[in-house]
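Number of protein chains: 2
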Amino acid sequence: MKIRIVLAVVFISIKGLNQEIKSPNKQLIMNFSIDSYGVPNYSLNYQSKPVVKTSSLGLILKDMPDLASDFQIHEVVEKIVRDDWHPVLGEYKTIENHYVEYFVELIQKQTKRKLNLRFRLYDIGLAFRYEIPTQDKVNYFIVKEEFTQFNLSGNHKAFWIPGDYDSQEYVYNETNLSDIDVMSLDMNNGIGMKGPMSKSRIQSPVMMKSNDGLYINIFEAAVLNYPIMHLDVNTQTFAMQSHLVANAIGDKAYLQAHAHTPWRTIMVSDDARKILSSQLILNLNEPNKIEDTSWIKPMKYVGIWWEMHVGKATWDYAGSQNAQMAQDAALTPTGKHGATTENTKRYIDFAAKHGFDGVLVEGWNVGWEDWFGNWKEEVFDFVTPYPDFNVEEIRDYAKSKGVQMIMHHETSGSVANYERRLDRAFAFMKKNDYNAVKSGYVGKIIPRGEWHDGQTMVNHFNYVVKRAAEYQIMVNSHESSRPTGVHRTYPNYIAAEAARGNEFNAWSNGNPPSHETILPFTRFLGGPMDYTPGIFEIKMSHYDASKKEQVHTTLAKQLALYVTIYSPLQMAADLPENYEKYPDAFQFIKDVEVDWDYTKILEAEPGNYITIARKTKGKETWFLGAITDENSRKTELKLDFLTPGKKYKAIIYEDAKDAHWEKNPKAYKIRTIQVTAKSKVKLNLAPGGGTAISFSPIN
Amino acid sequence: MKIRIVLAVVFISIKGLNQEIKSPNKQLIMNFSIDSYGVPNYSLNYQSKPVVKTSSLGLILKDMPDLASDFQIHEVVEKIVRDDWHPVLGEYKTIENHYVEYFVELIQKQTKRKLNLRFRLYDIGLAFRYEIPTQDKVNYFIVKEEFTQFNLSGNHKAFWIPGDYDSQEYVYNETNLSDIDVMSLDMNNGIGMKGPMSKSRIQSPVMMKSNDGLYINIFEAAVLNYPIMHLDVNTQTFAMQSHLVANAIGDKAYLQAHAHTPWRTIMVSDDARKILSSQLILNLNEPNKIEDTSWIKPMKYVGIWWEMHVGKATWDYAGSQNAQMAQDAALTPTGKHGATTENTKRYIDFAAKHGFDGVLVEGWNVGWEDWFGNWKEEVFDFVTPYPDFNVEEIRDYAKSKGVQMIMHHETSGSVANYERRLDRAFAFMKKNDYNAVKSGYVGKIIPRGEWHDGQTMVNHFNYVVKRAAEYQIMVNSHESSRPTGVHRTYPNYIAAEAARGNEFNAWSNGNPPSHETILPFTRFLGGPMDYTPGIFEIKMSHYDASKKEQVHTTLAKQLALYVTIYSPLQMAADLPENYEKYPDAFQFIKDVEVDWDYTKILEAEPGNYITIARKTKGKETWFLGAITDENSRKTELKLDFLTPGKKYKAIIYEDAKDAHWEKNPKAYKIRTIQVTAKSKVKLNLAPGGGTAISFSPIN
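Chain order of the listed sequences is A and B. The numbering of the first sequence is this note's numbering, which starts it at 323 and goes up by one. The numbering of the second sequence is this note's numbering, which starts it at 323 and goes up by one.
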């Protein structure tokens, strides 16, 4: 890939500079200035529309003067960069990276300390970060708070979740900024682990829509050695202010110059589809650092997991018998343990028969009797299976069937314990042919006083990924801090949860039908999610007549999610016996791919609907997914993304006429038609419904 | 070893019980009672003298009712136990373990919760602990404070150091209890890492002497999964109260029933020597858990260490070049680096020539440019040597000379980093034939907010020892929490620092001449100390004429310390060139042993003098050390510890007539005489002086 850099160096030493910078297509305009107190300010316009009004920047430090005022500009460098690249796995074979960079070197007049601001203006949005260069007067320093303002221009509609230090597993709230009120939410929502919250503190990414039709998203990229940024919203002025997640003693970040913060991003467009197709977050991360990536492979998998969520099986072997790690050998099985050798072989057989790459087994290891809610340091040792799970036998059986086993490491939040055992755990995995791990962090963090989203934990999640890369292990972290594109740098960070996944539908108030139409505008911007779609037995009354819980979609929408959710790791989450009841619908899950040459966002409106088409990596097949919220939807799609002149067989998996997520969720139909790039296709989505289409060329 | 147990079971359900229990020799009498509030109380008398007046016991819990009052007795079991044992390494081949146990099962009337108290009454003192048995109503619980009183009977003289959460490296203060005042101390004392302190909070062990001639010591044993206990002293009433070291959020201990606290100990005697010969702390620890102990060996060693303290060499290779772990390869050497291949070979040659077992090398690994005082998480990786330290070449050279290398792991307090790298560090050691590690913890602890003496760190120090045992590695921890006899259970925990060592003499106000006469009554009660004696070039002006610092002893006393300090790991700390100047005095260090069949405390008075004789493990040789404080001392010793009928050659290393720790510290003389068990020998100790004697049988 060629890199073209145009340099325009400007030397400036005057006060009161007000510099205007434009994105490559000139549609986005940033103004930068230093005010009379020496405070750096920026503002952002989309064409003539204000997006961010004049907003201040600065860092509040501990035990030393702040880096927030008294600045003058030492030097400014502006350049335009084009630096396209190819991800190892992804939505696009080639990712365009094109921006105007505006780099400002500031000097604090009294202290003579240096602070640099690096802005990157893309057509889709603005990114900037603070950089503290190597200098005599600053070496080690502690960030007490980051003072970054996003002074929004109006009372936008926002899709937001509470600024909880410990969890992002919330349903999105759709209100105007003025109506944000965390304390008014119903917290009986199934979240096992909640941390500190505040009335008008929300999480980023926050998706917004202005009255004048702009889609605005505030987020961050490349969070490394720094806490997660939440946003304090002023519900009167619509100014947002960064709030970093604290550590055990209230500090935010420990840094050493040279250092920099993560990128703060403001995406903006008058077309919601451009937010979804943006690769801004990935572009702001460092290039891939793993030399040999041949072992990093996309993966569809099944596993012993949903049967625990529906109450058919248990993670634990012996119930609550107060077992201490592997020390208490005399466990009496309850008979409901899911992770048995026999059951695992059944899943391996199923995976082999239907072409799945992997099998996940949760509850295989000693510790589950006594793992939840106890803030206990020594729960799991990650190497001791229950007596009914024969690791070697399963290893050999899986190998004979050509199926990869996926290891599960639940830490219960005891990171101290996990880190000290990590090398042993990974060595055990490799010895037993496991090349991927699903990790879990359900619990209050140990080291005690730390939070899931603090600097310590951000470092932990990234450490595990780096260490895993040395073992050639892929990582799928659950209950981690939400991704910010770091999988560009470490592509073995194949997926994460870090949002409200499908399992909440099994035992809580669940995820409303709009949920999956919001996630791509929020959580997915940071990286792939292991959402675990594919539930065919929608209603939990199937398992227990007294249960009212259900998945809040139709069956056809569960299929469409395999396309609308981007992830190179996708689970077919339901039970084998449920798939076997619906082999025709199951065929789509068997066929759908998880790694792509190209993605086209056909339709999108956050909270309402999304339609996406994707071309398989290295093949001529395409897959399309369309989903809607609680409202039914009719649409007609042009198939002009298909290769002109080619004929395709399109298999359409859609809601039956009377389908409805609540009243009749399993009613679907399947039809096959022949199409070309000139064809149009009409879709009818039921309330809470969806459509999935596979396109294969006819030779 | 035979275990004789006499059982006397007593069932009691009445209120207001006042039970009297006597030690095996009936000299020590404990009373136990429950007061009208249901608070458990104990008191302790030595013969007719009160030692501890009626004192309360209880645990203050977080988020649940305390376990401190409203108790009634459910059952009492009294028994007498004799259970002698053999340590792997030690002062005695056989350790007598003989006590009366008094076990009280309490029930809290309102809550129906159970709390047990286990008392053990030895002839030398009382020990007790709290036990929380398995029960329905208590599973996980958090100790907010332990409410253990030691209500002393008078305004005793005390040898105390401040109750600092982070360091024990203080000079002992000798005052009455009424005059304890931490805030009045001169804190310009060379201690690199100080934590929270309080006006009248002191550390245990605290050594006291009453006006009526009793020697009283309050300490603890077997601190596992619990914080270190400091003592809050009421300077008016002379009541002491336990104060546990807190964690990052102010909690003290996280426990799960069944659980117990460490033992709280009160030693008492009218003979100071009995305090020193007591094996109470070891007896209260669990037996050895390491099956094969063949690799646990006593060790005399030299090393690249003192030359850094005297300013001749540096730990770092490149000075302050702000190096980040092993990442910055381009370090420019300053030329003063101590840990070079060449210098190491010189020490190996010296060790081989003079019969030392090991060579320690500090400053061998990348990180020292940037390690101190920065609260930095990633400093050392423990596997990357500086470019001038060839690990393989040194490994092969040491092997060819029959010398063991001792690895050094400075963590700078970043325990998070050390634990996640520990397996790699130990594997690297074994690959390069290192079987012993000296660890260091100079710095504020990471996880941030934790303290050296909190539960998290206690667990860390014990974890490292256990993990090291799995690699067959011996551990010598510096700046750890002070030992409490856990080396009985893990005898590879061969030594620790955890007190003010000899190096403070090189660059601070140093250790006064009385220092080494107090340590055996305090710090050494918990376990061996790597004090690093043997300094021959006493005055630092030898290295730099402008320096005023010096070791506060005579040269002869430096020899005597090898006997008065018990440790199976002893360093000959001075430089090879200094030893070569005084080969006759050096001969004692070469000859002295470090593992013993038997130890006899001949004379002892805390703060004044100590004289100890020890018989070599498995040999007929004896060694004697006598030390005094700043006052000269004359004494005559009976040698009746020697085997009757045998003749011995005694080489006496003593202060010259005009020797004086300050004015003439290097003046010594050596004389050889012939003695038997019937002989007496007169000693003349100079101010700050000492005498060392080796006895070898004449065949």
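Cβ coordinates follow ideal geometry from the N, Cα and C atoms, glycine included.
Can a CB atom of chain B be found closer than 9 Å to the CB of residue i?
i, result
"residue 784 (chain A)", "no"
"residue 585 (chain A)", "no"
"residue 741 (chain A)", "yes"
"residue 770 (chain A)", "yes"
"residue 788 (chain A)", "no"
"residue 690 (chain A)", "no"
"residue 812 (chain A)", "no"
"residue 738 (chain A)", "yes"
"residue 698 (chain A)", "yes"
"residue 1022 (chain A)", "The question about residue 1022 (chain A) has no answer here: the residues shown for chain A are numbered 323 through 1021."
"residue 363 (chain A)", "no"
Tell me whether residue i is buried or exposed, calling it buried when 16 or more other Cβ atoms sit within 10 Å of its Cβ.
i, result
"residue 634 (chain B)", "exposed"
"residue 264 (chain A)", "Chain A is shown only over 323 to 1021; residue 264 (chain A) falls outside these bounds and no answer can be derived."
"residue 325 (chain A)", "Note that residue 325 (chain A) scores a pLDDT of 47, beneath 50, so its modelled location is shaky and nothing firm can be said."
"residue 359 (chain B)", "exposed"
"residue 974 (chain A)", "buried"
"residue 506 (chain B)", "exposed"
"residue 509 (chain B)", "exposed"
"residue 976 (chain A)", "buried"
"residue 369 (chain A)", "exposed"
"residue 687 (chain A)", "buried"
"residue 456 (chain B)", "exposed"
With a threshold of 9 Å between beta-carbons, can residue i be considered close to chain A, or not?
i, result
"residue 745 (chain B)", "yes"
"residue 601 (chain B)", "no"
"residue 571 (chain B)", "yes"
"residue 778 (chain B)", "yes"
Less than 7 Å between C-beta atoms, sequence neighbours within five positions excluded: which residues of the same chain meet that for residue i?
i, result
"residue 959 (chain A)", "924, 933, 1002, 1003, 1005"
"residue 407 (chain B)", "323, 417, 419, 609"
"residue 812 (chain A)", "611, 612, 787, 788, 791"
Who are the near neighbours of residue i in its chain, counting only those whose CB is closer than 6 Å to its CB and skipping five residues on each side?
i, result
"residue 825 (chain B)", "631"
"residue 693 (chain A)", "701, 734"
"residue 794 (chain A)", "617"
According to DSSP, is residue i part of a helix, a strand, or is it coil?
i, result
"residue 686 (chain A)", "coil"
"residue 497 (chain A)", "strand"
"residue 478 (chain A)", "coil"
"residue 727 (chain B)", "strand"
"residue 585 (chain B)", "strand"
"residue 750 (chain B)", "helix"
"residue 636 (chain B)", "strand"
"residue 737 (chain B)", "helix"
"residue 522 (chain B)", "coil"
"residue 835 (chain A)", "coil"
"residue 309 (chain B)", "What is shown of chain B runs 323 to 1021, which leaves residue 309 (chain B) out entirely."
"residue 863 (chain B)", "helix"
According to DSSP, what are the bridge partners of residue i?
i, result
"residue 347 (chain B)", "None; residue 347 (chain B) has no bridge partner."
"residue 1012 (chain B)", "B:949"
"residue 420 (chain A)", "A:404"
"residue 563 (chain B)", "B:471, B:554"
Which same chain residues end up closer than 8 Å to residue i when comparing Cβ atoms and leaving out the 5 residues on each side of it in sequence?
i, result
"residue 481 (chain A)", "494, 495, 496, 528, 529, 530, 840, 843, 844, 928, 929"
Is the CB of residue i under 9 Å away from at least one CB in chain D?
i, result
"residue 916 (chain B)", "Note that chain D does not occur in the displayed structure, where the protein chains are A and B."
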